[in-house]
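Beneath this line is the structure, given in structure tokens, with notes to follow.
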Amino acid sequence: MAKKKPVKKKAPKEVPPVPEGPIEFEEPEPASEPEESTAPEAPKEEPQKSKGSAVKLFVIFLLLAIAVVLAYYFIISGSLFSTGPEVDVETFKSSFASAPTIYIVMDVRGVKDSLVSNNVLQCGVDFAGSSGMAGKDAVYFSLGDDGCTAPDGAHPLSDCVSQLENGLVIYVKECQAPFAIFGQQCPGGAKYYSNGMVVTVGQEYALGTCGIHKY
439 MAKKKPVKKK APKEVPPVPE GPIEFEEPEP ASEPEESTAP EAPKEEPQKS KGSAVKLFVI
499 FLLLAIAVVL AYYFIISGSL FSTGPEVDVE TFKSSFASAP TIYIVMDVRG VKDSLVSNNV
559 LQCGVDFAGS SGMAGKDAVY FSLGDDGCTA PDGAHPLSDC VSQLENGLVI YVKECQAPFA
619 IFGQQCPGGA KYYSNGMVVT VGQEYALGTC GIHKY
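Here you go:
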């Protein structure tokens, strides 16, 4: 009979000793926060869009202001009679010589400067007393905010204006510069038309400047 080999017994595995007391776990160290920068922040630039909008608003306001001034100058301050087309001075002299009736109109409506108002009236008086008016049937009107003043008394404005179609008109009014709000001065002057002449007077006026003289 064969001999049986002896079976080797395996040594038992060593079990690590169990520590006494509660088991302690090491807590992880908190991550360090980044240090705040002490350098000053660069100033923020304003967006270009807001600057462009401000410039556009200013330009629009300026254009509106100019439009209002021009509207007042060309519309509100207009003459109350139909001037007809503009003519040269020689054509006006011919019309004046053949006109039997001359209307001298002094328009001081809306004039706030008393000096200008007096100059407009004085210009009309100087026209009336000039040598060229000799032999003419002259009619004088002063137009104010409350109506019309004629040699025979006060009248509604429309009554005086309606008569201007019956003769040649010398129309005197305040000289208004289109850009007076910017300090522009109005030198005054005269323009000639087929139905009369329009004379503008400002703050500076020399006595006897207005007139039609015979030479």
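Counting from 1, position 184 in the sequence shown corresponds to residue 622 in the numbering used here; the numbering is continuous, with no gaps. Yeah, the Cβ is synthetic: ideal placement off N, Cα and C, and Gly gets one too.
Within the same chain, and ignoring the five residues on either side of residue 572 in sequence, the residues whose Cβ sits closer than 8 Å to its Cβ are 652. By the neighbour-count definition (other C-beta atoms within 10 Å, threshold 16), residue 577 is a buried residue. 540 is the residue among 528, 552, 553, 540 whose C-alpha sits nearest the C-alpha of residue 579. Beta-bridge analysis with DSSP links residue 573 to no other residue. Residue environment: residue 546 is assigned as buried (16 or more neighbouring CB atoms within 10 Å of its CB, all protein chains considered). Spanning the alpha carbons of residue 550 and residue 525 requires a straight line of approximately 31 Å. Residue 583: not part of any alpha helix (DSSP H); DSSP gives it neither H nor E. Secondary structure at residue 638: strand, using DSSP grouped into helix, strand and coil.
Secondary structure at residue 611: strand, using DSSP grouped into helix, strand and coil.
With respect to the 8 Å criterion, residue 632 and residue 536 are not classified as neighbours on the basis of their beta carbons.
Between the alpha carbons of residue 581 and residue 552 lies a gap of roughly 15 Å.
For the 8 Å CB-CB criterion, residue 650 and residue 565 form a contact. The C-alpha of residue 592 is placed about 22 Å away from the C-alpha of residue 606.
For residue 626, there is no enclosing beta strand (DSSP E), as DSSP marks it with neither H nor E.
Counting along the chain, no alpha helix (DSSP H) covers residue 545; the unbroken beta strand (DSSP E) around it starts and ends at 539-545. With contacts defined by Cβ atoms closer than 8 Å, residue 636 and residue 629 form a contacting pair. Closest option to residue 527, judged by alpha-carbon separation, among 627, 493, 548, 643: 627.
Counting C-beta atoms within 10 angstroms of its own C-beta, residue 562 has 16 or more neighbours from the protein chains shown and is therefore classed as buried.
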